[in-house]
Amino acid sequence: MKSEPIVAARIEFGAEPFAPEFGDRYHPAIGALAQARHVFLGGNRLPERWAGRERFVVAETGFGLGHNFIAAWDAWRADPRRCRRLEYVAVERHPPTRADLERAHRDSPLPALAGALSAAWPPLVFGLHAIDFEGGALRLLLAFGDVAAWLPELRFEADAFFLDGFAPARNPAMWEPRVLAALGRRAAAGATAATWSVARQVHDGLEAAGFRVERAPGIGGKREITLARHEPRYRPARPADRRVTAAHGAAREAVVIGAGLAGACCARALADEGWSVRVFERRSGPAAETSGNAGGIFHGTVHGEDGPHARLLRAAALAAARTLRPLVDAGCIAGQVQGLLRLGGRELAAMQARVDHLGLPPEWVRALDADAASALAGVTLAQAAWFFPQGGWVSPAGFVQERLDHAGVAFCGETEVQALERGTHGWRLLDRNGRCLAETAVVILANAAEALRLAASQGYTAEWQRIRGQVSGWRGAAPLRLPLAGDGYALPLAGQGLLCGSTQSPGDDDPLPRAADDEVNLERLRRLCGLEPPPGSVPAHGRVGWRLVSADRMPVAGPLPLRSPEGRSDQVRHWPRIAGLYLCSALGGRGISLAPLLGRLLAAQIAGAPWPLEQGLVDAVDPARGLVRAARQQPSTQP
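Take -7 as the starting number for the sequence shown in the working numbering and just add one per residue.
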């Protein structure tokens, strides 16, 4: 899917908010909350239908100003028999700015919920934004962009559809048959739908998509509304890319191998889904290898055509900021989430032209001249820089420990898995003496290079590069105010000095810090910002670790593929998989940015939740992508 600049909604505020582009109101005179409760909640028999459920999924075709979401949230909170998790998937092509959202809800009868939505409102950038409320029990998956383009890319099975949007005569694209057909393909068994529209084209489109349609009494001068239930004449078997319901049995137990950033984030995401997770780590404690550095940065990037790499890092950096900012603000982990500067290496005019071409808002990135960037950094910079307000730095080890501190996660140190073999109930994990450490239906390999060794034992191979990196630094004063990246990076360690790095030495297995590498890092620091260790400072923070990098520089996350599939092998999403075996590795130097989002992706794939990443980007990180490329390059055997 190709991205597009997101154009904010133009709203005229009067008795009711009005959209001049569509010549229609956002809600009727009776009020948005009354309409939401009668049409969308009542029309889908909520809260009755979610009572006692583990998970209930609502999908909305036009998020608008969020009134229907807030109404559903309020009903869910008030219901003592509510589902344990409410997932709300919505699309909006023209979202409001945060200021307009706040204005629209200024007199809301539910001010606390409206205020929480406004506070969590994401930057208006193309992509899928996963926002948690109620400690994660309520998740909003909000896609900014065209609904017809987004629906084939989203992976969920909806129990209820809120078909909202401007009138079919005013905004026909929202009600096209292909849109309604896509909803039918995303419908769970017994799914219902409701809309205030009774237009013939809406009824015809729903019926063609497999819904049985009926009319019901309306509200506020609207005589009738439309209700529907998904009752297709036949339900074809869904291909692998369309199945999101977990098939790992009722035990809901898993083992994660590796207690670095990748493993800790996978374990926490599964535990948040209600799973019991054991984390096996060969060292005595977590984050004992590369994830044990004193600090690490996270941020996005800006590419000219906004390709998969840029979109993935943007989604990941936004997810990381949403996860890390409250932890840093609460003092749970050391860090700073107040922005990051990345030297642009080009003229300011060219940088600004790129921002304008992509329609990127200042809440996500700004192009700053050297003087403005220097003022933010607290040191003199010689060139223009990108400023990422959602970027920053944290202690990787502190973040890993926080992710593991969960009732559903059990850490098992000094536990090295030497081999995997199929067992009666899934996978048997064996130590070097052949003793069974555990038997479980689900295993996530998140132990860096060792993950590739274990995956290879099941027939999976890939070209990864293991790169030695050394960081350096000192204890003492450092004038740098924000983390800085470019050729290397530097970050102020919250009163503990400065950390800079990192060297890159492929194929180097030396575990000891080297004075020559410290000098390489200090020379990079001089080029970045002219800083030198202050007189009398104490050298510190020097440490060696290894990062894994895939051949295409993208991370690897998803279910392990079969080596020799039968049937289609031309697309990643159709490639058959090894049951219960998953991989999360090759995060390169972007572990802090990528681990929170990829952990949630694997948890969603395993637990049957809506995916927090669109299908195109899931394909881009899938372990099968190299096999698909190789299969496409093979000469055809067809006559």
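All C-beta atoms in this analysis are idealised placements derived from N, C-alpha and C, irrespective of residue type, glycine included.
Bear in mind that the values here come from a model prediction, so they are computed numbers and not experimental data.
What do you get for residue 516, buried or exposed, if any count of 16 or more other CB atoms within 10 angstroms of its CB means buried?
Classification of residue 516: buried, given that the 10 Å Cβ count is 16 or more.
Could you check whether residue 589 and residue 186 sit closer than 8 Å to each other, using their CB atoms as the reference points?
Cβ distance not < 8 Å, so residue 186 and residue 589 don't count as in contact.
Whole-angstrom distance between residue 525 and residue 610, CA atom to CA atom:
If you take the alpha carbons of residue 610 and residue 525, they lie about 43 Å apart.
Proximity to residue 167 [Cα-Cα], best of 541, 192, 401 and 332:
Closest by alpha carbon: 192.
The region 386 to 404 / the region 272 to 289 touching (three or more Cβ pairs under 8 Å)
Yes, the region 386 to 404 is in contact with the region 272 to 289.
Supposed contact pair residue 262 and residue 633 - C-beta distance, whole angstroms, cut 8 Å:
Past the boundaries of the shown model lies residue 633; the chain is included only from -7 to 631, so the question cannot be answered.
So residue 173 and residue 200 are supposed to be a Cβ contact under 8 Å. How far apart are they, rounded?
Rounded, the Cβ-Cβ distance is 7 Å, consistent with contact.
Three-way DSSP call (helix, strand, coil) for residue 488 in this model
DSSP places residue 488 in coil when its eight states are reduced to three.
If you draw a straight line from the C-alpha of residue 235 to the C-alpha of residue 146, how long is it?
For residue 235, the predicted structure reports a pLDDT of 41, less than 50, and the residue's modelled location is therefore unreliable. A value from the coordinates is still provided. Each residue's Cα considered, the two are about 12 Å apart.
By a C-beta neighbour count over all protein chains shown, 10 Å radius and 16 as the cutoff for buried, is residue 404 buried or exposed?
Exposed, by the Cβ-count rule.
Which residue comes first and which comes last in the beta strand (DSSP E) that contains residue 404?
Under the DSSP assignment, residue 404 falls in the beta strand (DSSP E) whose first and last residues are 401 to 404.
Hey, out of 359, 361 and 393, whose CA is closest to residue 273's CA?
Closest option to residue 273, Cα to Cα, is 393.
Using the beta-carbon count (16 or more within 10 Å), is residue 206 buried or exposed?
Exposed, because fewer than 16 other Cβ atoms sit within 10 Å of the Cβ of residue 206.
Quick one: give me the first and last residue of the beta strand (DSSP E) that residue 130 is part of.
Looking at the DSSP string, the run of the beta strand (DSSP E) that includes residue 130 is 130 to 136.
Residue 531 - DSSP class collapsed to helix/strand/coil
It is a strand residue.
Within the same chain, show all residues whose beta-carbon is closer than 7 Å to that of residue 530, passing over the 5 residues directly before and after it, in chain order.
Around residue 530: 466, 467 and 468.
Do residue 474 and residue 330 come within 8 Å of each other at the CB atom, strictly closer than that value?
Yes.
Inter-residue spacing [alpha-carbon to alpha-carbon] between residue 345 and residue 424:
For residue 345 and residue 424, the gap between their C-alpha atoms comes out near 57 Å.
Under a Cβ-count criterion, where at least 16 other Cβ atoms within 10 Å of its own Cβ denotes burial, should residue 338 be classed as buried or exposed?
Residue 338 is exposed by the Cβ-count criterion.
Measuring CA to CA, which of 361, 620 and 308 is closest to residue 343?
Checking every option, the nearest Cα to that of residue 343 belongs to 361.
Go to residue 289, then tell me how far its beta strand (DSSP E) extends in each direction, as first and last residue.
It spans 288 to 290 - the beta strand (DSSP E) in which residue 289 sits, taken as one unbroken run.
Would you identify the three-state DSSP class for residue 446, choosing helix, strand or coil?
Of the three classes helix, strand and coil, the one that applies to residue 446 here is helix, per DSSP.
The alpha helix (DSSP H) spanning residue 100 covers which residue range?
First-last for residue 100: undefined, no H or E at that position.
Helix, strand or coil, according to DSSP, for residue 257 in the structure here?
The answer is helix: DSSP assigns residue 257 an H, G or I state.
State the Cα-Cα distance for the pair residue 334 and residue 373, rounded to the nearest angstrom.
Taking the straight line joining both Cα atoms gives about 11 Å.
Quick one: give me the first and last residue of the alpha helix (DSSP H) that residue 521 is part of.
From DSSP, the alpha helix (DSSP H) with residue 521 extends over 507 to 521.
Boundaries (first-last residue) of the beta strand (DSSP E) holding residue 432:
First-last of the beta strand (DSSP E) with residue 432: 428 to 432.
By Cβ distance below 8 Å, which residues in the same chain neighbour residue 534 in space, the five residues on each side in sequence not counted?
462, 463, 464, 465, 505 and 510, listed in sequence order.
How big is the Cα-Cα spacing for residue 7 and residue 98?
The straight-line gap from Cα to Cα measures roughly 13 Å.
Quick check: is the beta carbon of residue 585 nearer than 8 Å to any beta carbon in chain C?
This model lacks chain C altogether; it includes just one protein chain.
When the distance is taken between beta carbons, is residue 481 closer than 8 Å to residue 489?
Cβ distance not < 8 Å, so residue 489 and residue 481 don't count as in contact.
Nearest-angstrom Cα separation, counted from residue 154 out to residue 402
Distance between the alpha carbons of residue 402 and residue 154: 40 Å.
Mark residue 122 as exposed unless 16 or more other C-beta atoms lie within 10 angstroms of its C-beta, in which case mark it buried.
By the 10 Å Cβ count, residue 122 comes out buried.
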